[in-house]
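Trainee:
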Amino acid sequence: MNVTLAVALTLLGAWIALVFVAQVPSGYVHLLYAVGMTLLTRRVLVGAPKFLS
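Residue numbers for the sequence shown follow this note's numbering, beginning at 41 and rising by one.
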(Lines of atoms letter the chains of each structure in order from A and count residues from 1; the text may use other names and numbers.)
(Lines give C-alpha, C1' and ligand atoms only; values in the text may rest on other atoms or scores of the structure.)
Protein backbone atom coordinates (compact mmCIF):
# COMPACT_ATOMS: atom_id res chain seq x y z
CA MET A 1 0.00 0.00 0.00
CA ASN A 2 1.55 3.29 -0.98
CA VAL A 3 1.16 6.69 0.66
CA THR A 4 -1.34 8.03 -1.89
CA LEU A 5 -3.78 5.18 -1.29
CA ALA A 6 -3.39 5.41 2.49
CA VAL A 7 -4.03 9.17 2.53
CA ALA A 8 -7.01 8.83 0.17
CA LEU A 9 -8.64 6.16 2.32
CA THR A 10 -7.97 8.15 5.48
CA LEU A 11 -9.52 11.30 4.03
CA LEU A 12 -12.57 9.42 2.77
CA GLY A 13 -12.98 7.74 6.17
CA ALA A 14 -12.77 11.12 7.92
CA TRP A 15 -15.34 12.55 5.49
CA ILE A 16 -17.75 9.69 6.18
CA ALA A 17 -17.28 10.12 9.94
CA LEU A 18 -17.86 13.87 9.84
CA VAL A 19 -20.78 13.92 7.40
CA PHE A 20 -22.76 10.85 8.41
CA VAL A 21 -21.78 10.25 12.05
CA ALA A 22 -21.14 13.73 13.45
CA GLN A 23 -23.46 15.41 10.89
CA VAL A 24 -21.32 18.50 10.42
CA PRO A 25 -23.21 20.74 7.95
CA SER A 26 -20.20 22.85 6.93
CA GLY A 27 -19.15 22.97 3.31
CA TYR A 28 -15.48 22.76 4.23
CA VAL A 29 -15.93 19.11 5.23
CA HIS A 30 -16.52 18.25 1.59
CA LEU A 31 -12.96 19.30 0.75
CA LEU A 32 -11.92 16.04 2.42
CA TYR A 33 -14.10 14.18 -0.07
CA ALA A 34 -12.75 16.14 -3.03
CA VAL A 35 -9.09 15.62 -2.12
CA GLY A 36 -9.67 11.98 -1.20
CA MET A 37 -11.36 11.19 -4.50
CA THR A 38 -8.68 13.07 -6.43
CA LEU A 39 -5.94 11.04 -4.75
CA LEU A 40 -7.85 7.79 -5.26
CA THR A 41 -8.33 8.58 -8.95
CA ARG A 42 -4.64 9.43 -9.26
CA ARG A 43 -3.74 6.12 -7.62
CA VAL A 44 -5.97 4.17 -10.02
CA LEU A 45 -4.78 5.95 -13.16
CA VAL A 46 -1.07 6.11 -12.35
CA GLY A 47 -0.88 2.81 -10.52
CA ALA A 48 1.42 1.64 -7.77
CA PRO A 49 5.08 2.47 -8.20
CA LYS A 50 7.36 -0.42 -9.06
CA PHE A 51 10.24 -0.74 -6.63
CA LEU A 52 13.21 -2.42 -8.23
CA SER A 53 16.11 -3.37 -6.06
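Every residue gets a Cβ at the ideal spot worked out from N, C-alpha and C, and that includes glycine.
Fair warning: this is a prediction, and the values are worked out from it, not measured in the lab.
Mapping the DSSP letters down to three states, classify V75 as helix, strand or coil.
Mentor: To locate residue 75, count along the sequence shown from 1; it is residue 35. V75 falls in the helix class under three-state DSSP.
Trainee: Can you list, in chain order, the residues of its chain with a C-beta nearer than 7 Å to that of A54? Leave out the 5 residues immediately preceding and following it.
Mentor: Looking up residue 54 in the sequence shown gives position 14. Excluding positions up to five away in sequence, the list reads L72.
Trainee: Note down, in chain order, each residue of its chain lying with its Cβ closer than 8 Å to the Cβ of L51, except the 5 sequence neighbours on either side.
Mentor: As a first step, residue 51 is located in the sequence shown; it is residue number 11 there, counting from the start. Closer than 8 Å at the Cβ level, and outside the excluded window around L51, lie L72, Y73, V75, G76 and L79.
Trainee: With a cut-off of 8 Å on the beta carbons, I'd call L58 and R83 a contact; round off their distance for me.
Mentor: Residue numbering aside, residue 58 sits at position 18 when the sequence shown is read from its first letter. Residue numbering aside, residue 83 sits at position 43 when the sequence shown is read from its first letter. That pair is no contact at about 22 Å.
Trainee: Can you tell me whether A57 is helix, strand or coil according to DSSP?
Mentor: As a position in the sequence shown, residue 57 is number 17, starting the count at 1. A57: helix per DSSP, three-state reduction.
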